[in-house]
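In this note's numbering, the protein residues as written are 58 to 111.
What follows is a short report on a single structure.
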Amino acid sequence: MMGDCSSRSDIIIHIHLSRLGIAFKYNGTTKIITSREYSDMCIDQDQWLGTLTG
């Protein structure tokens with residue numbers, strides 16, 4: 058019998074961009090990328106990677 062997936066905790070993926078010296082956390086449940094350095098900041102859904110890299 059298969060278990061209910063909704064009872065599982067959030068899936069968190071850690072993203073490290075070592076060349077840029079920044080890191081993020083991706084929440085697979087909410088699909089939100091949050092900065093680790095600036096905990097209140099998150100990336101908009103329509104934001105482009107070039108915005109982060111200059």
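C-beta: ideal position from N, C-alpha, C; glycine also.
In this text, all values refer to a predicted model and were calculated from it rather than measured experimentally.
Residue from the options with nearest C-alpha to residue i
| i | options | result |
| --- | --- | --- |
| F81 | S96, Q104, D103, Q102 | S96 |
| I69 | K88, D101, D103 | K88 |
Distance between beta carbons of residue j and residue i, contact taken as under 8 Å
| i | j | result |
| --- | --- | --- |
| G11 | D67 | For the chain, the structure presents residues 58 to 111; residue 11 sits outside this window and is missing. |
Same chain only: Cβ atoms within 8 Å of residue i, ignoring 5 sequence neighbours per side
| i | result |
| --- | --- |
| I21 | In the structure displayed, the chain extends from 58 to 111; residue 21 sits before or after that span and is not available. |
| M98 | T91, S92 |
Output the residue ranges of the alpha helix (DSSP H) runs that lie fully inside the region 70-97 and measure 4 residues or longer, sorted by chain position.
none
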